[in-house]
Amino acid sequence: MNGNVTEVLTVCGACTNSCSLKVKLKDGKVDKVEGYAKDPRTKGAICSKGLSAKQMLQDPRRLKYPVKRVGERGENKWERISWEEALKTIAEAFNKVKAEHGPRAVGFYNGQASGWGFPYQMYERMAHAFGADVSWGTSECFVPRVIGQAMTYAGVPMFPDYEKANMIVYWGRQPAFSSSTQSHFALDARDRGCKIVAIDPLHFHMAAKADRYLRIEPGTDLALALAVLYVIVEKDLWDHEFVDNYTNDPGLSKLRDHLWGGNSDQIVYTPEWAAEVTGIPAKEIRSFAEELATTKGVCIITGHGLEGRINVTQTARAIAILRLVTGNFDAPGGDLVTTMSPKLNAEFTLNHMVNPDEPSREFVEFFNVPQYNPPECHYPLLYAMQGCMPTPDAMDLVENGTVKAGIIQACNPLLMFPNAAKVKEILSKLEFVAVVDPYITETCIQLADIVLPAAMFLEKTEPEYFQYDRFSPYIRLRKQVATFEEALPDWLICVKLANALGLGEYFPSEDIAYYTDLMLKPSGITYEQLSKEFWVWFGEIEYRKYQKSGFALPGGKANIFSEVFAQIGYDPLPRFVEGAENRRSTPDVAKEYPFICFTGRPGPMYVHDQGRTLPWIREMRPEALAMVNTLDAEKQGIQDGDMIELTSLRGKMKIKAHVTNIVSEGSVYVPGGWPDANYNELSIDDKFCPISSQANYTSCLAQMTKTEKEALS
Amino acid sequence: MSKAIYFDIDRCIGCFACQSACKQENDLAPHTLEEALSQTAPIWRRVMEVEQGDYGQETVSYISLSCMHCADAPCVIACPTGALSRDKESGRVLMNESKCIGCKMCLQACPFGIPQYGKDDLMQKCNLCLDRLQDGEAEPACVASCPAKALRYGDTAELSKKEQTKVAARLVLATGNKYSAGI
Amino acid sequence: MPKNEKICIIGNGGAAVEAVKALRENQYEGEIHLVSDSAQPAYNPMLTTYYVSGKIEFEAMFPYGCNMDLYEQYDVTLHLGSPVAGLDTKTKTLSTASGAVYPYDKCLVATGASPFLPPIEGMDRERVYTMRTVEDAQKLKEALEKKPGKALVIGASMVGIKVVELLYDAGAEVCLADMAPCLFPLAAHQECACVIENRLTDKGIRLRFGAGIEKILEADGKLSGYFSDGKPPEEADLIAVCIGVRPNLGFIDREQIEIDRGILVDDHMRTSDPDVYAAGDVAQGMNLLTGKKQIIGLWPNARYQGRTAGRNMAGAEDVYSGAIPHNITHFMHMVFSGFGDLTSGTRTETEERNGGYVQRAWNGSNLVGVNMLDSSCAQIGIIKSAVEKGLQTGTPAEFEQLCSTKLRDKLLLEHFKRA
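Chains as they are written, first to last, in numbering that gives the first Met the number 0: chain X, 0 to 712; chain Y, 0 to 182; chain V, 0 to 418.
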C-alpha cells in the first residue's frame, strides 16, 4: 500500500436508487469505489454504472466550464465564459421575459439525472421564487403509476418484503437493469422456495430465470391485470377479511360487476379475452392468477415497462387493486409502504410564491407539492403527486408562445422525448435556452444559448433520501470527494442563478449545510448529524399500518372503486383501453406497419442516454442493437449484424439488428438513448393518458426492412 | 486450504457489475472512448449472454467468465518460459510478467479463452485480486460488487458445502416438503 | 517403491523434467538417474528464436531455471554430457558412448528430436544454421551481429517463420523457401496460407515455394542455394534450415522396442517393453483427431507425456489419452493458430468477419482442422478444448457453428451448467 489512503462513505448517484458507496482515495484523489457491506439494501453490491464513477471524473468529453453558443443553433460551436457572465446572461434574459410577460413565461424544465430528492426541491425553490412551476420529468415516468396507487391506497409501496415473500412478480421491471443491487433479495428468496414470476415482452436477464414467464404484448398489461382479477373473483380466491373490512367494495360487488361486463365497453374480462389482447394463453393467465391468489406473501414489483402507454394510470390502478384483493398490501411478504423522507420543511420549496393560497403545513413527506392546480395544467392529478407541470401542457405553452425562455436541467429532450422532429420544432421557439448538464448533449447543440457544467455525483455534497427499490426510511449525506474543473452541483447552480436573478434573499448562503438544515427542520435531523453518522433512520418498517391509521381516501377505506376518479369523471374502476397504436385498435396502420416496435432501457450498464462516453461501460455494449426475432429475420433474410430500417407514421431510423428469440415474433425492440439510432424518430407524442398526461411513447407500429450498411464513422 | 471464486450460473442475471468492478480494481484499459470502441482492450472478467433454443423454447443464461485458476491448469503446462505457475496455497494461477514472451501458447491451451493481451502484447489475466486481498479486503472486487450474489469467494470446501446444502434444499422443496429453515 | 529402485531417464528436456517432478510428487523414493548428451539444464527449443532476436536474455531459455537447483531439489543424479549409445531391455541396462553402463528398473526415453538436414552438398557450410538447441541460438545470434544483408530460410514451418521474423527485424532481405507449394504445409490450409503469404510479400519478403533445396555453394563470401526447379539460385549471407526435426532414437534396438517414426507408446506412455517408457518429441502417442499414433512435437504435449510417464513409473496410475496437433504463432503483427490437418479435409469453409479469419476443414461431418488468423485466435483454446474433450469422451461437440461467437458462448455455458 502506497500513498495516504482514506475512505469516504457516500451515496452513488448513477441512478436514483441511491446505493451506499465507499470511495477509496489515495493522496486525496479518488482511486476506487465500491459498495458498502453494511447497507441493508445493497449488502455491499454496486452495479456496473456506479463502478465506472472514476471514469466520470476523467471524461474528456465532459463540459469543464460554462459556455456560450457561437453562431447558429445546431452548429455546435461554443465559447468559454465565466460563471459570472453565464449567470448574468441567463438572469438578464429571464428577468426581461418576466418583466414583459410574467414569470410563468420562463420554463423551468427538469429531468431524472440530478435526482428527485433534495436537488429537485432546490430546483423547485428557485423556480417558485421566480414565480414559475417546474415542468417535465413526471409525465414520462413513475408518477403516472403513483396516481393509480394513490387513488387506491393513498401511498406508494416501494418496500417489497422479500424475506417473507413466497412469490415475487416482476411486472414491467427488469432487476438486472434497475435496482440490481436488490436482486440478491429475490434470489435468496428463491433459494427457500419463493417463486419468481416475470411479465415482460423481453425474455432475458431475470425474466429468463423466472419460474413463470409471461410474454406479454407491450402495452397490454392492463388486460392481464383485469383478467387476473377476474379469475380471482371467479374462483373466490380473494382475501375476504381484508376486502370487507378495509376497502370500499366489501364483497367485491362493484369489482365483480365491472369485470363481468359492467363497464362501458361491456367486455367481460376473461382470460380468454385477455389472451387475444396480450398474447398470453388463457390457461397460463388462469394458472398465474390462481397461484398468485393462493400464495401467502406476494410482492409485485412494477417498473417502467408499464409506462409510455395511454392506459398507464389505470394499469397501475388494476395492479394496486390486485394487491388489495389478495391481501398483500402492506402485509408480510407483500409490498410495504414506508416513510419516504424525513419530515420536510413545507416552506422549503416556497410554494406560496406560485400559489398565493398555499395552506400552511407542519411538514411534508417525499414530494413538496404546491396545493393547487397551476394555470394551463390539464392534468391536476399528475401535478398533485409531484408538483410538476405535465409535459404536454408545458410543450403547448412553448408552442403557443406563452413560454419564451427556459432552463433545462438534467435531461435531454431532443433525444429522449418522443417524435424528435416535433420536439425540436417546438422547443426551437424558445428565444433563450440555458441548459445544465455535464455534457454538451443534442439538446445543447440544437437549443442552448448557454450551457452550465453540472457536477456528477462524486463531486457534490447533498442530503439524499430518494431511492427506488427497497425504499427504506433512512437519509444519508452524499459527500463530495472530487472536483471536476468548474462543474458545480445542481443545487449550487440554483443558488447562484437565483442570486443572479435577484432572488438572493431565498438563497443567502452557498453552504450545503444551510439548505440541508432548512429542508430537514421539522425532522430534527441536521447536516452536522448526517456528516458524522452517514445515515439517520427516521422510521420503522411496520406491517398493516392501515389498521391504526386507515386510508387517507374518501371513506377512510382503500378505494377499490376510486371515489376521486368517479368525481373527476375518469373510470372509477379500470376499464381496458388499448395502447395508441396496435394491431387491434389501429388495424389500418398495422397493414403498412406490421411490427410492434417498442423501446425501453438500453441495458444494465446505461441509464437513458447516459454513460456512452465512459470507456469501461461503452466497451460492454459499444453500439445500439435492435432485437429482431429469429423467425422474422429469416423471412426477411436479415442476419445478425445487418442494418435494418424502421419506419413509422412519424419517421424512420436505421439500426443494427441482433437476431434473437428474446423478443417475440412480430415485435422489434429498440434500446433507448442512442443518438445514432433514435427510437424517438418513430414514437408517438400526441396520444396521452387522460389522467396522467403520459404520451404513448414507448410503443408503436413500424415496418422493418433490411437496408445497406452505412459507412462506419 | 485453497480459496476459489464460485460462479453460480443460476443466480447471474447479467448485470455486468463484475466486469466493471474488475476493470476498476485493476485499472484496465480502455481509458479512452476510442479504445473502448475498438474492442481491443483486455477484459479480465467478461459477462456474456448465451441464448439457445428455438423460439418458444428459448433459454437465456448469463456467464461471468474469468480465469478459473484451474487446479491442473493447461496454461501452466503450455507456457514455454515458466511465466505461469500455480500457487497451491492461495489457489491462484499467477503470471510472472517479466517472463512472458507473448507467444500465446496459453491462449491455445485455455478452454475458457481467458488469456488477454495488452498493448505490450504480453499476457494478462485475473490474479484473484492478489493485491486487494493482501491489502486486507475480504473478497475479490467482482465478488464484493455482485448484486445477485452470484459470485462467491471462500474456502473451496466451504463453498462446496454451501452449494450442496442449497441443492439438497431444492430437492426437498421439489419433493413437496416445506423447507423453512434459513440456508 | 523401495528406496533402492533405479529409474533412468534419458534426455533432459520438458518431458524429462516433468517426469522427474511427477516421480517425486508421487512418493517415488528410489534413485533417479538422468543421462543426457547435453551439459545444460533443461531448455525449451521454442525459445531459441526469442533469444536470437534479443527478446529474451540467455537465462530465459531455461524455464526450469538456468541452474541445477531443480535436480538437486528433486534428488536426481545427473550424468550430463553423456550421450546414450544403447539400451538393452533384456539386461535392463543403458550404455553411454563413453562406456558407462547404468542398470534400471524402469527407463524413460525422452531424448527429443534434432533438426533434419537434407543430405545435400553444402549443408555443412559454416553459415548454414539450424534452430533447435541453445548452441544453435548462440551461433545464429553471433552471425546476426555481422549484419547479414540477405538471408535464405529453408522451411516455411513454425520455426522457419520465427527465423524469418528475426532476420527481417534485423534488417536483412529475406527469402523463405519450401518444397511444399505453400506456407505452413502441415498446419495450414492453402487458402489460409495464401492470406499469410500475401502479407509477407507485402512486407518485401520473397517466397520461393514448390521446389526443394538441391545444393548450397559458396563463392566470394556469398552463399547460393540451388533449388530443384532449376531457377536461378538464391544468394544469401546466411542460410537457416528449418524443415523439421527427427526423433533421437538411433540408439534404440528396433527388435526390442517397437518404433514407427517415433517410439510407439500407449496411453500410459509405455513402449512395447513394459519397463520402458517414452515421452516428448521422441515418442509417438495418440493423435485424437486421426485416431492414429503420431509424434506431436509440442512443448505441452511433451510435458503431459513426461508427467504421465513419471506418475505411472512411480506406481500411481495415470492416463494421457493423446493430443491434437496444434500451433499458435505470432509474427510480424499477425497471429496464426490452428489445429488438426486441414489438408485432409474434403470440404472447407472460410469466415471473415470483424477483422478475423477462420477456416474449418471437414471430412464428411467430422471436423478435421481449424485455422484462425488474428483476432479470431481468441477462440482457439475454447474450440480446441471442446474438440479434445469430445474426442476423449466419445461425445463430439456440435461443430456446425464452430468458431462463431454463438458456439463459443454455448461451449462456455457447458462448463457452468448443472446437470
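Here a beta-carbon is modelled for each residue, glycine too, at the ideal position from N, C-alpha and C. Since the model is a prediction, treat every value here as computed from it, not as a measurement.
**OP:** Taking only beta carbons into account, state which residues of the segment 74–87 of chain Y come closer than 8 Å to chain V, listed in chain order.
**Re:** Those would be I76, A77, C78, P79, T80 and G81, in chain order.
Original post:
Where does V/N362 fall in DSSP's three states?
Top reply: In the three-state DSSP reduction, V/N362 falls in the strand class (E or B).
Original post:
Checking contacts by CB at 9 Å: is X/A710 closer than that to chain Y?
Top reply: For X/A710, the pLDDT reaches just 49, beneath the cut-off of 50, and the residue's location in the model is therefore unreliable, although a value from the coordinates is still provided. No, X/A710 lies away from the interface with chain Y (no Cβ there is under 9 Å from its Cβ).
Subject >> Other residues of its chain near Y/A28: CB distance less than 8 Å, five sequence neighbours each side excluded >> reply: Within the same chain, Y/A28 has close Cβ partners E34, A40, P41, G117 and K118.
Subject >> V/E172 to V/K214 span [Cα, whole Å] >> reply: Whole-angstrom Cα-Cα distance: 21 Å.
Subject >> Within 9 Å, strictly: CB atoms of X/I284 and X/A273 >> reply: In contact: X/I284 and X/A273 (Cβ atoms closer than 9 Å).
Original post:
From this set, X/W77, X/F328, X/E509 and X/T312, which residue's C-alpha is nearest X/L380's C-alpha?
Top reply: Ranked by how close their Cα comes to the Cα of X/L380, the residues X/W77, X/F328, X/E509 and X/T312 have X/T312 in first place.
Original post:
Using a Cβ cut-off of 7 Å, which residues of the segment 38–52 of chain V contact any Cβ in chain Y, in chain order?
Top reply: Here the close residues are N43, M45, L46 and Y49.
**OP:** Give the C-beta separation of X/C493 and X/R124 to the nearest angstrom, bearing in mind that I take them to be a contact with Cβ-Cβ under 8 Å.
**Re:** Between the beta-carbon of X/C493 and that of X/R124 there is about 7 Å, and that keeps the pair under the 8 Å contact cut.
**OP:** Check the DSSP bridge columns for V/G224 and list the partner residues they point to.
**Re:** In DSSP, V/G224 forms a bridge with V/I215 and V/E233.
Original post:
Taking X/D448 as the reference, which of X/N75, X/F470 and X/S548 has the closest Cα?
Top reply: The shortest C-alpha separation from X/D448 is found at X/N75.
Original post:
Measuring CB to CB, does X/K653 end up less than 9 Å from X/I643?
Top reply: Here X/K653 is near X/I643, since their CB atoms are less than 9 Å apart.
Original post:
Do V/K161 and V/F330 have their CB atoms nearer than 9 Å?
Top reply: Contact: yes.
Original post:
Helix, strand or coil: how does DSSP classify V/A96 here?
Top reply: In the structure shown, V/A96 sits in coil (DSSP, three-state: anything other than H, G, I, E or B).
**OP:** Taking only heavy atoms of the ligand GDP into account, decide whether any of them is closer than 8 Å to the Cβ of X/G110.
**Re:** This structure lacks the ligand GDP, and indeed carries no ligand of any kind.
Subject >> Proximal chain Y residues relative to V/K20, where beta-carbon distance stays under 9 Å >> reply: Those within 9 Å of V/K20 in chain Y number zero; the least Cβ separation is about 11 Å.
**OP:** Out of X/N411, X/F597 and X/T659, point me to the one whose CA is closest to X/G171's CA.
**Re:** The shortest Cα separation from X/G171 among X/N411, X/F597 and X/T659 belongs to X/F597.
Subject >> Buried/exposed call for V/L166, threshold 16 Cβ in 10 Å >> reply: V/L166 counts as buried, since no fewer than 16 other beta carbons sit within 10 angstroms of its beta carbon.
**OP:** With DSSP collapsed to three states, give me the class of X/C699.
**Re:** The answer is strand: DSSP assigns X/C699 an E or B state.
Subject >> Same chain only: Cβ atoms within 6 Å of Y/A180, ignoring 5 sequence neighbours per side >> reply: In this prediction, Y/A180 scores a pLDDT of 41, lower than 50, which makes its location untrustworthy; no coordinate-derived value is stated.
Subject >> Backbone CA spacing between X/C410 and X/F365 [nearest angstrom] >> reply: Pairing X/C410 with X/F365, the inter-Cα distance amounts to about 21 Å.
Original post:
Can you tell me the Cα-Cα spacing of V/V386 and V/G368, whole angstroms?
Top reply: Between V/V386 and V/G368, the alpha-carbon positions lie close to 10 Å from each other.
**OP:** Could you tell me whether the Cβ of V/I163 comes closer than 9 Å to any Cβ of chain Y?
**Re:** First, the amino acid is wrong: residue 163 of chain V is Val here, not Ile. For V/V163, no CB of chain Y lies under 9 Å from its own CB, so it is not counted at the interface with that chain.
Subject >> Residue burial classification, Y/N126 (beta-carbon count within 10 angstroms, cutoff 16) >> reply: Classification for Y/N126: buried.
Subject >> Straight-line gap, V/P184 to V/D201 (C-alpha atoms, nearest Å) >> reply: Cα to Cα, the separation comes out at about 20 Å.
Subject >> Length of the line joining the Cα atoms of X/L572 and X/A153 >> reply: When the Cα atoms are used, X/L572 and X/A153 turn out to be separated by approximately 16 Å.
**OP:** With distances taken Cα to Cα, identify the nearest neighbour of Y/V171 among X/R469, X/G192 and X/E441.
**Re:** Check the Cα spacing between Y/V171 and each of X/R469, X/G192 and X/E441: the tightest is with X/G192.
**OP:** Determine the burial state of V/Q304: buried for a count of at least 16 other Cβ atoms within 10 Å of its Cβ, exposed for fewer.
**Re:** Counting C-beta atoms within 10 angstroms of its own C-beta, V/Q304 has 16 or more neighbours from the protein chains shown and is therefore classed as buried.
**OP:** Verify whether the separation of the beta carbon atoms of X/A185 and X/Y212 is less than 9 Å.
**Re:** No, the pair does not count as a contact, with Cβ atoms beyond the cut-off.
Original post:
Do three or more CB pairs link the segment 21–34 of chain V to the segment 70–84 of chain V at distances below 8 Å?
Top reply: These segments touch.
**OP:** Decide if the segment 316–333 of chain V is in contact with the segment 292–300 of chain V; the criterion is three or more beta carbon pairs, one per stretch, under 8 Å apart.
**Re:** Three or more Cβ pairs drawn from the segment 316–333 of chain V and the segment 292–300 of chain V lie within less than 8 Å of each other, which places the two stretches in contact.
Subject >> 9 Å Cβ cutoff met for X/E139 and X/E306 >> reply: Going by C-beta atoms, X/E139 is nearer than 9 Å to X/E306.
**OP:** Give a yes or no on whether the C-beta atoms belonging to V/R306 and V/A112 are separated by under 9 Å.
**Re:** Between V/R306 and V/A112, the C-beta spacing is not below 9 Å.
Subject >> Helix, strand or coil at V/R198 [DSSP, three-state] >> reply: Here V/R198 sits in helix by DSSP.
Subject >> Three-state secondary structure (DSSP) of X/K544 >> reply: Three-state result, X/K544: coil.
Original post:
Skipping 5 residues on each side, what residues in its chain have a beta carbon closer than 8 Å to that of X/F176?
Top reply: Contacts found: H204, R600, G602 and P603.
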